[in-house]
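So the structure is just underneath, and the comments pick up after that.
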Amino acid sequence: MATRPLGVEVPGVAMALRRPGAWTVLARFCRKKPLGAIGGLIMVVMFLTAVFAGQLATHDPIATDAG
Numbered sequence: 046m047a048t049r050p051l052g053v054e055v056p057g058v059a060m061a062l063r064r065p066g067a068w069t070v071l072a073r074f075c076r077k078k079p080l081g082a083i084g085g086l087i088m089v090v091m092f093l094t095a096v097f098a099g100q101l102a103t104h105d106p107i108a109t110d111a112g
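In this text, residue positions in the sequence shown follow the numbering used here: the first is 46, and each later residue adds one.
Structural data, given as structure tokens:
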């Protein structure tokens, strides 16, 4: 039976097995599913609004100046 010794790399195989980057995956997702990308963007904006709510709302919503 013909066997190949372990540890021998075939040229070009490492490049073919490389995973695409995060930006490439994100761009491909946006092209294939634009509504999903828009929905994800809305969710990110809502999350960031909730995280920075204290800095965005500088006035107390309960306090009134009836005075």
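Using N, Cα and C, we set each Cβ at its ideal position, and we do this for glycine too.
In the three-state scheme derived from DSSP, where H, G and I count as helix and E and B as strand, residue 97 is classed as coil. Taking residue 75 as the centre and dropping the five residues before and after it, the same chain places the C-beta of 82 closer than 6 Å to its C-beta, in chain order. Taking a C-beta distance under 8 Å as the contact criterion, residue 101 and residue 94 qualify as a contact pair. No residue range can be given for residue 48, since it is assigned to no alpha helix (DSSP H) and is classified by DSSP as neither H nor E.
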